[in-house]
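Asker:
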Amino acid sequence: MTATVAVEKVGMTYTTVKGDEVVALQDISLSIEKEETVAIVGPSGCGKSTLLRLIAGVEKQTAGRIERATDEGQFVVGYVFQDSSLMRWRTVYDNIKLPLEVLNKRNYDKIDELIQMIGMKGFEKAYPIELSGGMQRRVSIARAFVHEPSIVLMDEPFTGVDELTKEGLQHELGTMIRRRHATAMLVTHDIEEAVFLSDRIFVMSRRPGRIVEEVPVNLPADRDPSMRSKLEFFEAAKRVRERLLAMHAMSVDLEAGAGAP
Amino acid sequence: MSRATIRRRNRPRLAGYALPILSFIVGIALWELICRVFKVPAFLFPPPSAIAQIYFTGRIDWVGQTLVTLNEALFGLVIGVAVGFAIALVITLSGVLNKILMPYIVALQVLPKVAIAPILYIILGFSDTSRILLIVILTFFPIVINTSTGLADVDRNLVHLLKALRASDRTIFWKVRLPNSLPYFFDGLKIGVSGALVGAIVAEFVSSSKGLGFLILNSQYTFNTTAAFGAFVILTVLGLLLYAGVILLGRRLMPWYRPN
Numbered sequence: 000m001t002a003t004v005a006v007e008k009v010g011m012t013y014t015t016v017k018g019d020e021v022v023a024l025q026d027i028s029l030s031i032e033k034e035e036t037v038a039i040v041g042p043s044g045c046g047k048s049t050l051l052r053l054i055a056g057v058e059k060q061t062a063g064r065i066e067r068a069t070d071e072g073q074f075v076v077g078y079v080f081q082d083s084s085l086m087r088w089r090t091v092y093d094n095i096k097l098p099l100e101v102l103n104k105r106n107y108d109k110i111d112e113l114i115q116m117i118g119m120k121g122f123e124k125a126y127p128i129e130l131s132g133g134m135q136r137r138v139s140i141a142r143a144f145v146h147e148p149s150i151v152l153m154d155e156p157f158t159g160v161d162e163l164t165k166e167g168l169q170h171e172l173g174t175m176i177r178r179r180h181a182t183a184m185l186v187t188h189d190i191e192e193a194v195f196l197s198d199r200i201f202v203m204s205r206r207p208g209r210i211v212e213e214v215p216v217n218l219p220a221d222r223d224p225s226m227r228s229k230l231e232f233f234e235a236a237k238r239v240r241e242r243l244l245a246m247h248a249m250s251v252d253l254e255a256g257a258g259a260p
Numbered sequence: 000m001s002r003a004t005i006r007r008r009n010r011p012r013l014a015g016y017a018l019p020i021l022s023f024i025v026g027i028a029l030w031e032l033i034c035r036v037f038k039v040p041a042f043l044f045p046p047p048s049a050i051a052q053i054y055f056t057g058r059i060d061w062v063g064q065t066l067v068t069l070n071e072a073l074f075g076l077v078i079g080v081a082v083g084f085a086i087a088l089v090i091t092l093s094g095v096l097n098k099i100l101m102p103y104i105v106a107l108q109v110l111p112k113v114a115i116a117p118i119l120y121i122i123l124g125f126s127d128t129s130r131i132l133l134i135v136i137l138t139f140f141p142i143v144i145n146t147s148t149g150l151a152d153v154d155r156n157l158v159h160l161l162k163a164l165r166a167s168d169r170t171i172f173w174k175v176r177l178p179n180s181l182p183y184f185f186d187g188l189k190i191g192v193s194g195a196l197v198g199a200i201v202a203e204f205v206s207s208s209k210g211l212g213f214l215i216l217n218s219q220y221t222f223n224t225t226a227a228f229g230a231f232v233i234l235t236v237l238g239l240l241l242y243a244g245v246i247l248l249g250r251r252l253m254p255w256y257r258p259n
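Top to bottom, those sequences are chains A and B. Taking numbering that gives the first Met the number 0, the leading residue of the first sequence gets 0, the next gets one more, and so forth. Taking numbering that gives the first Met the number 0, the leading residue of the second sequence gets 0, the next gets one more, and so forth.
Structure (structure tokens):
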């Protein structure tokens with residue numbers, strides 16, 4: 000297997016307006032193999048989204064290196080955001096078309112294929128305002144895959160979606176990743192989501208964000224909702240949860256200790 | 000749920016208009032009634048019936064005077080919008096120019112612009128230029144503020160997405176910033192439209208021998224209050240039509256946008 004992305008001892012320090020230095024990420028090392036899905040789970044504000052932006056190349060890390068495989072030419076990412084982030088002035092079709100347009104690719108037949116896949120045939124000309132929240136997420140997922148990116152980066156893709164819709168969307172997303180042989184990285188605070196979608200889970204600590212554990216998910220690559228009740232599913236979820244709880248307890252202890260006379 | 004259902008639900012219901020229309024008719028009727036019962040002299044407060052008749056006396060060229068004012072207002076508005084949009088672009092694209100221009104823009108805005116009118120005529124003389132300039136000053140500011148907000152206030156995720164695809168700032172401007180600013184621009188235009196009418200009237204107050212503003216001033220000298228009211232009605236209708244025009248144009252250009 001070849002690593003699509005290799006992150007080596009990466010750190011990210013921001014300088015605030017006041018001039019204070021904030022360490023968002025510290026000594027992060029991980030690799031994402033081709034056609035693999037990894038998840039990063041951690042508390043809010045641990046720098047998960049920052050790591051995605053570094054891998055996407057939107058921001059530059061202040062320490063360490065990020066290697067991006069370019070064996071198929073250009074390294075290109077697909078992005079799925081928390082709140083869909085569709086262009087409200089574009090139709091479903093044109094929203095999905097965006098990455099092809101920016102990259103100057105002309106294979107627009109991919110758009111129809113993806114619209115079919117996300118079950119939104121007949122909605123090509125609809126504007127985001129005319130769609131339900133779940134439909135908007137589907138469109139944003141299609142937009143992330145249409146240009147066959149080297150890696151699909153997903154930043155809490157289903158936050159704020161009701162539980163049943165979410166499980167449906169997670170299944171669709173998993174199917175999409177496998178059928179298109181995509182490499183993906185998911186950032187989430189939803190443990191079940193991480194287990195259901197990924198092959199490996201990295202647990203991150205509170206700021207400064209560090210990787211404290213790597214949890215393998217021993218489920219078959221082809222996943223369906225029935226696997227949510229498998230022993231392996233629970234085992235992986237339990238390990239992630241315990242690690243997060245231990246960190247949480249530690250930080251609560253620290254806060255209590257700081258408050259003592 | 001089909002798309003047609005979603006569309007239909009957003010269409011305003013006819014029933015929603017019934018109450019405002021009824022309220023308007025009752026108000027006019029009350030006005031007429033009070034004028035008649037208390038025998039209010041027409042030079043103090045003319046009844047609606049007298050105002051309606053004033054258009055048919057043939058002593059005033061209503062169409063001509065209206066067109067004069069409308070022409071000035073529209074011409075000034077177009078220039079004000081162009082200037083406002085250009086300034087919005089400049090201050091959004093250049094942080095330095097933003098800082099250099101901002102004090103002047105803000106000073107011009109907090110100043111009651113009507114106060115500038117007499118001075119404009121000292122500097123530029125009693126010309127069309129000074130009249131148009133007053134309207135431009137009154138209309139460009141809301142366009143600047145709204146459009147520049149719209150150009151800057153974009154979804155950061157979209158910018159990240161495009162940057163991740165190695166898009167240039169120019170591409171981000173055309174694909175994200177400009178379309179994003181459109182609803183903001185139209186909000187500014189709504190304010191600008193009423194500013195244009197105010198500007199036209201004030202300009203005519205100060206320096207004209209034609210137009211509805213001149214007509215109102217002249218009516219005051221001759222105690223022809225009914226004619227002044229006649230001009231008010233036309234101005235109200237003009238204001239409404241221009242405002243409605245902006246809203247309709249906005250809906251046409253932005254089928255994807257619904258306020259709130």
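The C-beta atom is built at its ideal place from N, Cα and C for all residues, glycine as well.
Give the residues of chain A in contact with B:Lys162, contact being defined as C-beta atoms less than 7 Å apart.
Answerer: Correct list: Val57.
Asker: Listed in chain order, which residues of the region 99-129 of chain B have Cβ atoms closer than 8 Å to some Cβ of chain A?
Answerer: Against chain A - using a Cβ distance shorter than 8 Å - the region 99-129 of chain B contributes no residues.
Asker: Using a cut-off of 7 Å between C-beta atoms, extract the partners of A:Leu102 located in chain B.
Answerer: The answer, in chain order, is Leu164.
Asker: Would you check if there are 3 or more beta carbon pairs closer than 8 Å linking the region 206-220 of chain B to the region 146-156 of chain B?
Answerer: Verdict: no, contact absent.
Asker: Put B:Ala17 into one of helix, strand or coil per three-state DSSP.
Answerer: Here B:Ala17 sits in helix by DSSP.
Asker: Which chain A residues are close to B:Asn156, counting only those with a beta carbon under 7 Å from its beta carbon?
Answerer: Phe80 and Ser84, listed in chain order.
Asker: Less than 8 Å between C-beta atoms, sequence neighbours within five positions excluded: which residues of the same chain meet that for B:Ala279?
Answerer: Any question about residue 279 of chain B goes unanswered here, given that chain B covers just 0 to 259.
Asker: Is A:Lys8 helix, strand or coil by DSSP?
Answerer: A:Lys8: strand per DSSP, three-state reduction.
Asker: Rounded to whole angstroms, what is the Cα-Cα separation between A:Arg105 and B:Gly187?
Answerer: Near 38 Å, if we compare the C-alpha coordinates of B:Gly187 and A:Arg105.
Asker: What whole-angstrom Cβ distance do B:Leu267 and B:Thr138 have, given they're in contact under 8 Å?
Answerer: Summary: the structure shown does not reach residue 267 of chain B, with chain B confined to residues 0 through 259, and so no result is reported for it.
Asker: Nearest by alpha-carbon distance to B:Val67: which of B:Ala199, B:Thr224 and B:Ser180 is it?
Answerer: The shortest Cα separation from B:Val67 among B:Ala199, B:Thr224 and B:Ser180 belongs to B:Ala199.
Asker: Using Cβ-Cβ distances below 9 Å, what residues of the region 223-257 of chain B are close to chain A?
Answerer: If the cut-off is 9 Å between Cβ atoms, the region 223-257 of chain B has Met253, Pro254, Trp255, Tyr256 and Arg257 near chain A.
Asker: I'd like to know whether the C-beta atoms of B:Gln52 and B:Lys209 end up nearer to each other than 9 Å.
Answerer: Contact flag unset, no.
Asker: Are the Cβ atoms of B:Leu234 and B:Leu196 separated by less than 9 Å?
Answerer: Cβ distance < 9 Å, so B:Leu234 and B:Leu196 count as in contact.
Asker: Give me the chain B residues within the contact set of A:Tyr126, using Cβ-Cβ distance strictly less than 8 Å, ordered along the chain.
Answerer: Those are Pro254 and Trp255, listed as they occur along chain B.
Asker: Where DSSP assigns a beta bridge to A:Glu213, which residues make up the other side?
Answerer: A:Phe201, per the DSSP bridge assignment.
Asker: Compute the distance between the beta-carbons of B:Lys174 and A:Met86, then report whether it is under 9 Å.
Answerer: Cβ atoms of B:Lys174 and A:Met86: closer than 9 Å.
Asker: Once the 5 residues before and after B:Val89 are set aside, which same chain residues still bring their CB inside 6 Å of it?
Answerer: Within the same chain, B:Val89 has close Cβ partners Leu96.
Asker: Give the residues from the region 63-76 of chain A that approach chain B closer than 9 Å (Cβ to any Cβ), ordered along the chain.
Answerer: Of all residues in the region 63-76 of chain A, Gln73, Val75 and Val76 have a Cβ within less than 9 Å of some Cβ in chain B.
Asker: Are the beta-carbon atoms of A:Glu212 and A:Arg238 separated by less than 9 Å?
Answerer: Against a cut-off of 9 Å, the Cβ pair of A:Arg238 and A:Glu212 comes out as a contact.
Asker: Among the candidates B:Tyr54, B:Leu29, B:Asn156 and B:Val192, whose CA atom is the shortest distance from the CA of A:Ser48?
Answerer: For A:Ser48, the nearest C-alpha among the options comes from B:Asn156.
Asker: Is it right to say A:Arg137 is buried, meaning 16 or more other beta carbons lie within 10 angstroms of its own, or is it exposed?
Answerer: A:Arg137 is buried by the Cβ-count criterion.
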